[in-house]
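These notes concern the structure reproduced below.
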């Protein structure tokens, strides 16, 4: 990846906003601009922050635990190791950097952290400027190389699904299948699952974010599997719903409505339309079939270094889609006491439509 | 658990601070006060917030995805479902609640979230008051029932370690062993691992936070395993280091220094001493043996609903330990190009000393 080029684009934006430098704390933004792959388990346990001045060379600030990794992975930034926390380090480091206004990522910095930085910065006569979504906006449009990696991530995810599919039998527990999926991902080279896999049988399928239970997978009932993995930092995300055994009439009817909604969504995607227009195209199919109140989440979201990122395909998504964005199309119908159906593919937005990254067709058209 | 009693204690603190209510966004604090077990994968994807007035009944605010779970798990709070985000909900809900000053968890709310709440609250004439660590302080002292659950969590973790130990053979990869540990945890009823297991062979052991690699476990070299699980919400955390095959003289020497440091730490723990005093007792052993510069992290940390929580046993830990706190004692020596040794047990602080929750003695005294 051309990290220097990305940083130069960001620096141009900073200069336009009259900001002298920025602290990048959001882990995916940090990776996007530096190539540093360290993973933060929690916002309060950061593995490092970038300091990028509005022009010139930037810095990766991290602690000794990541010193070796930082030196190996990051060549276009100076790596600095702090001993007693970031704040203490910045206190000594910043006065030499000629910064009057320092930007920070308001959407990924804790209120308490900003408070303590503010205190320290006021002594240095540095003003803090909250910024939101600048790097996320850059990330939303994928470079050709990123699209290729995501394509591989999607394909590997499908291979994992296919490998485990024959093992999905009545009586096995949801948790067993979820574990098998995650183990297969790691075996085949994924860094990890991009989110906790959803394996929801029967009634459990009525919860869009169902957590796998020790309950057995039920015969002749629906099973929803929502799964994704991380490959070279990039996420995949796919959902399939099918009957384990025989599908009854009711199931088939609802499945077909969801599939028609998905096809309508896929057809509506192209550069220039808004997220809400695509959402509407799919949602109308479900509403007209009389199930509108059972589809209560957004139609889709961007996917990249994060499994949920910009843009949003929802009734409130007013931003226009652009060429090179990658989004999910995932309508669903969820009926308490009955179960649910969700179908999800990932597509690249093109000038005239979209390129579906998924090839798997298990139980799509029934 | 007596959630109502915990809330009453918190409400007393609020009244003393002249705060009319508080929003609890930190997931473990939310669980501690409500019993709501939903898990937040990320600070930007919350599964709910508590609103607790300074007196009277409180509320769990969540969205429809968690409605069923909330009703099942939470009986002492009113469950309210928001449709269009928390902020929109509060705008309508709060004016009826008689709040002039609203506390929030500064250490677990994003700067951008606080900014948008501030904007909305100013229209309602409500002042926001940042608070930090109030519930964390309550959580740091464990109730007898919590100690019993944590004891079970520690024992289960040891059972998992013992079950996988025979499979640790040269040639197997670090990742394979890490996966086997995590699968065994889930098989035996753990909710999940409390953190990504560390399995670090040879040189890799020099990184305190090593990520398991596809590299083979090396014969006659050291292996560090740092693992923990979550049982009924409560975490365990244990580290063992041993030689896979024969330990050479150098290994034995360093291992014994770390073990002596651990014993010194264990001996120093009791109610009334500060975290830094315990840290010092262990650190001195390592420093006097000439390895001080190779032990660069804290001696230990609290464990409970979170795997890292108050108190801190570090050179900067000035707070006094109290009866019923649960902490790790985990000295280590890490030598680049050679490897590392870390030994970690979990103890309950008692009036006169401590009660070691671990029973496993694998390779402790060699």
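Residue numbers (the numbering used here), protein chains in the order written: chain A, 19 to 384; chain B, 19 to 384. The beta carbon of each residue, even a glycine, is placed where N, CA and C say it ideally should be.
Review point. Residue 317 of chain B lies in the alpha helix (DSSP H); which residues open and close that run?
Key: In the second chain, residue 317 of chain B corresponds to position 299, counting from 1. Careful: residue 317 of chain B lies outside any alpha helix (DSSP H) and carries neither H nor E.
Check your understanding: Taking Cβ positions only, does residue 128 of chain A come closer than 8 Å to chain B?
Key -> Within the first chain, residue 128 of chain A is the residue found at index 110, counting from 1. Closer than 8 Å to some Cβ of chain B, the Cβ of residue 128 of chain A qualifies, so yes.
Practice item. Kindly say whether residue 242 of chain B, judged by its beta-carbon, lies nearer than 8 Å to any beta-carbon of chain A. Key: Locating residue 242 of chain B in the second chain gives position 224, where the first residue counts as 1. Closer than 8 Å: no.
Review point. For residue 197 of chain A, does the three-state DSSP call read helix, strand or coil?
Key: What you label residue 197 of chain A is simply residue 179 of the first chain in a count that begins at 1. Assignment of residue 197 of chain A by DSSP, reduced to helix, strand and coil, places it in the helix class.
**Study point:** Simplified DSSP assignment, three categories, for residue 365 of chain A
**Key:** Locating residue 365 of chain A in the first chain gives position 347, where the first residue counts as 1. Residue 365 of chain A falls in the strand class under three-state DSSP.
Exercise for review: Can you tell me which of B/264, B/289 and B/215 puts its alpha carbon nearest to the alpha carbon of residue 245 of chain B?
Suggested key: Looking up residue 245 of chain B in the second chain gives position 227. For residue 245 of chain B, the closest C-alpha among the options B/264, B/289 and B/215 is that of B/215.
Practice item. Use the C-beta contact count for residue 259 of chain A: other C-beta atoms within 10 angstroms, 16 or more gives buried, fewer gives exposed. Key: In the first chain, counting from the first residue as 1, residue 259 of chain A sits at position 241. Residue 259 of chain A counts as buried, since no fewer than 16 other beta carbons sit within 10 angstroms of its beta carbon.
Check your understanding: Given residue 264 of chain B, which residues of its chain have a CB within under 6 Å of its CB, disregarding the five upstream and five downstream residues?
Key -> Residue mapping note: residue 264 of chain B aligns to position 246 of the second chain, counting from 1. Result list for residue 264 of chain B: 238, in chain order.
Exercise for review: Step through the CB atoms of chain A and report whether any lies within less than 8 Å of the CB of residue 182 of chain B.
Suggested key: Taking the second chain and counting its residues from 1, the one referred to as residue 182 of chain B is at position 164. Closer than 8 Å: no.
Exercise for review: Take residue 66 of chain A and list the residues in its own chain whose beta-carbon comes closer than 8 Å to its own, dropping the five residues that flank it on each side.
Suggested key: Mapped onto the first chain, residue 66 of chain A falls at position 48. Excluding residues within five positions, the ones whose Cβ falls inside 8 Å are 48, 54, 56, 78, 79, 80, 81, 84 and 88.
Check your understanding: Can a CB atom of chain B be found closer than 8 Å to the CB of residue 248 of chain A?
Key -> The count along the first chain starts at 1 and reaches residue 248 of chain A at position 230. Cβ-Cβ to chain B under 8 Å: no for residue 248 of chain A.
Point to revise | Check whether residue 283 of chain A and residue 299 of chain A have beta carbons under 8 Å apart | key: Residue numbering aside, residue 283 of chain A sits at position 265 when the first chain is read from its first letter. Residue numbering aside, residue 299 of chain A sits at position 281 when the first chain is read from its first letter. It is a contact, given that the beta carbons lie within the stated cut-off.
Review point. So does the stretch 230-237 of chain B actually touch the stretch 202-210 of chain B, counting three or more Cβ pairs closer than 8 Å?
Key: Segment contact: the stretch 230-237 of chain B against the stretch 202-210 of chain B, fewer than three CB-CB distances shorter than 8 Å; contact not assigned.
Practice item. Check the Cβ of residue 292 of chain A against every Cβ in chain B and list those closer than 9 Å, keeping chain order. Key: On the first chain, residue 292 of chain A is found 274 positions in, with the first residue counted as 1. Within chain B, no C-beta atom comes less than 9 Å from the C-beta of residue 292 of chain A; the nearest is roughly 19 Å away.
Point to revise | Beta-bridge partners of residue 275 of chain B, as assigned by DSSP | key: One-based indexing of the second chain puts residue 275 of chain B at position 257. Residue pairing from DSSP leaves residue 275 of chain B without any beta-bridge partner.
**Study point:** Residue span of the beta strand (DSSP E) that contains residue 244 of chain B, given as start and end
**Key:** Sequence index remark: in the second chain, residue 244 of chain B carries index 226 (1-based). Membership of residue 244 of chain B in the beta strand (DSSP E) is indicated by the continuous run 239-245.
Exercise for review: Grab the span of the alpha helix (DSSP H) containing residue 305 of chain A for me, first residue to last.
Suggested key: The residue you call residue 305 of chain A lines up with position 287 of the first chain. Membership of residue 305 of chain A in the alpha helix (DSSP H) is indicated by the continuous run 293-306.
Practice item. For residue 113 of chain A, count neighbouring C-beta atoms within 10 Å of its own C-beta (all shown protein chains included) and say buried if the count is 16 or more, exposed if not. Key: Within the first chain, numbered from 1, the residue matching residue 113 of chain A stands at position 95. By the neighbour-count rule (16 or more Cβ atoms within 10 Å), residue 113 of chain A is not buried but exposed.
Exercise for review: Would you be able to state if there are at least three C-beta pairs under 8 Å between the stretch 121-132 of chain A and the stretch 119-138 of chain B?
Suggested key: Yes, since at least three Cβ pairs between the stretch 119-138 of chain B and the stretch 121-132 of chain A fall closer than 8 Å, the two stretches touch.
Practice item. Could you tell me which residues DSSP pairs with residue 25 of chain A in its beta bridges? Key: As a working mapping, residue 25 of chain A is identified with position 7 in the first chain. Beta-bridge pairing by DSSP links residue 25 of chain A to no other residue.
Check your understanding: Using CA coordinates, which residue listed in B/383, B/286 and B/349 is at the minimum distance from residue 339 of chain B?
Key -> For this step, residue 339 of chain B is matched to residue 321 along the second chain. Shortest Cα-Cα distance from residue 339 of chain B to any of B/383, B/286 and B/349 involves B/286.
Review point. How big is the Cα-Cα spacing for residue 241 of chain A and residue 184 of chain A?
Key: Along the first chain, read from residue 1 onward, the residue named residue 241 of chain A stands at position 223. Along the first chain, read from residue 1 onward, the residue named residue 184 of chain A stands at position 166. Their backbone Cα atoms lie some 13 Å apart in a straight line.
Practice item. Determine, using beta carbons only, whether residue 105 of chain B comes closer than 8 Å to chain A. Key: For the purposes of this step, residue 105 of chain B is taken as the residue at position 87 of the second chain. Output row for residue 105 of chain B: interface = no.
Check your understanding: Do residue 343 of chain B and residue 159 of chain B have their CB atoms nearer than 8 Å?
Key -> On the second chain, residue 343 of chain B is found 325 positions in, with the first residue counted as 1. On the second chain, residue 159 of chain B is found 141 positions in, with the first residue counted as 1. The answer is yes: Cβ separation under 8 Å.
Practice item. Determine the DSSP secondary structure at residue 310 of chain A, reduced to helix, strand or coil. Key: As a position in the first chain, residue 310 of chain A is number 292, starting the count at 1. For residue 310 of chain A, the secondary structure class from DSSP, reduced to helix, strand or coil, is helix.
Practice item. Please determine, among B/383, B/353 and B/125, the residue with the shortest C-alpha to C-alpha distance to residue 361 of chain B. Key: On the second chain, residue 361 of chain B is found 343 positions in, with the first residue counted as 1. For the residues B/383, B/353 and B/125, the minimum Cα distance to residue 361 of chain B belongs to B/383.
Point to revise | Contact set for residue 307 of chain A: own chain, Cβ-Cβ below 7 Å, skip 5 residues either direction | key: Reading the first chain from its first residue, position 289 is the one you call residue 307 of chain A. These residues qualify, in order along the chain: 275.
Review point. By DSSP, does residue 258 of chain A sit in helix, in strand, or in coil?
Key: Position 240 of the first chain, counting from 1, holds the residue named residue 258 of chain A. Strand at residue 258 of chain A.
**Study point:** Member of A/373, A/341 and A/324 whose CA lies at the smallest distance from the CA of residue 63 of chain B
**Key:** To locate residue 63 of chain B, count along the second chain from 1; it is residue 45. The residue with the shortest Cα to Cα distance from residue 63 of chain B is A/324.
Point to revise | Nearest candidate by alpha-carbon position, reference residue 6 of chain B, set B/98, B/102 and B/71 | key: This structure leaves residue 6 of chain B out entirely; chain B is present only between 19 and 384.
**Study point:** Closer than 8 Å to chain A by CB, residue 61 of chain B
**Key:** Taking the second chain and counting its residues from 1, the one referred to as residue 61 of chain B is at position 43. For residue 61 of chain B, the answer is yes, since a Cβ of chain A falls inside 8 Å of its Cβ.
Point to revise | Rounded straight-line distance, which links the Cα of residue 363 of chain B to that of residue 365 of chain A | key: On the first chain, residue 365 of chain A is found 347 positions in, with the first residue counted as 1. On the second chain, residue 363 of chain B is found 345 positions in, with the first residue counted as 1. Near 49 Å, if we compare the C-alpha coordinates of residue 363 of chain B and residue 365 of chain A.
Review point. Using the rule of at least 16 other Cβ atoms within 10 Å of the residue's Cβ for burial, across every protein chain shown, is residue 268 of chain B buried or exposed?
Key: Counting from 1 along the second chain, the entry for residue 268 of chain B is found at position 250. It counts as exposed.
Exercise for review: For residue 150 of chain A, verify whether its CB is less than 7 Å away from any heavy atom of the ligand MN.
Suggested key: Within the structure as shown, the ligand MN is missing, as the structure has no ligands at all.
Practice item. Can you give me the Cβ contacts of residue 377 of chain A inside the same chain, cut-off strictly under 6 Å, excluding the 5 residues immediately before and after it? Key: One-based indexing of the first chain puts residue 377 of chain A at position 359. Contacts found: none.
Exercise for review: With a threshold of 16 other CB atoms inside 10 Å of the CB of residue 176 of chain A, please say whether the residue is buried or exposed.
Suggested key: In the first chain, residue 176 of chain A corresponds to position 158, counting from 1. Buried: at least 16 other Cβ atoms inside 10 Å.
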